[in-house]
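First comes the structure, then the notes that go with it.
This is the structure:
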């Protein structure tokens, strides 16, 4: 008998992780499993990941969801905005696709605690994020 189960993957929006998930799903599909697959991408849905799902042949077998990356409460007064791999994505891979998520997170922080009256940016990425935040406030 076949057991119908739900498989849920919560992954960062990057191609390496998405490829590993595709490999696992394809291995299961080869065994004629009747599982339902869900991929929750953090912080946003990337077209490159969608293309990978299609190339790997799992696009119709999975349901893709997005969980917008925002502040995560770690403890009493401690909030984290850590996004592992962001430095590598920006400065090694040249991938700027997560900058809007960073801007939205900083914007949300200011909605909670008040607008930062004076900011100093250094470098083109921080300037781009600052412009995005200003646009969100408008």
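Numbering (the numbering used here), first residue to last: 7 to 144. A virtual CB, placed ideally from N, CA and C, is assigned to each residue, including glycine.
* To the nearest angstrom, report how far apart residue 49 and residue 105 are at their CA atoms. => Rounded to whole angstroms, residue 49 and residue 105 show a C-alpha spacing of 10 angstroms.
* 3-residue-minimum beta strand (DSSP E) runs that sit fully inside the stretch 39-64, ordered along the chain -> 42-48
* Asked: Can you round the beta-carbon distance between residue 70 and residue 47 to whole angstroms, since I take them to be within the 8 angstroms contact cut?
  -> 7 angstroms
* Between 107, 119 and 91, which lies nearest to residue 136 when the distance is taken from Cα to Cα? -> 107
* Asked: Using the rule of at least 16 other Cβ atoms within 10 Å of the residue's Cβ for burial, across every protein chain shown, is residue 7 buried or exposed?
  -> Confidence at residue 7 is low in this model, with a pLDDT of 48, below 50, so its placement is unreliable and the value that follows should be read with caution. Here residue 7 is exposed, its C-beta having fewer than 16 other C-beta atoms within 10 Å.
* **Same chain, Cβ closer than 8 angstroms to residue 67, neighbours up to 5 away in sequence not counted** => 31, 35 and 43
* **Close beta carbons around residue 126, own chain, < 6 angstroms, minus the five adjacent residues each side** => none
* To do: Run the CB neighbour count on residue 16, radius 10 Å, all protein chains shown included, and call it buried at 16 or more, exposed below.
  => exposed
* Please report the residue range of the alpha helix (DSSP H) in which residue 116 lies. => 105-119
* To do: Compare the C-alpha of residue 73 against each of 99, 142 and 110 and name the closest.
  => 110
* Endpoints, the alpha helix (DSSP H) within which residue 5 is located -> In this structure the chain extends from 7 to 144, so residue 5 is not present and cannot be described.
* With a threshold of 16 other CB atoms inside 10 Å of the CB of residue 122, please say whether the residue is buried or exposed. => exposed
* Asked: Nearest to residue 13 by alpha carbon, out of 21, 116, 33 and 41?
  -> 41
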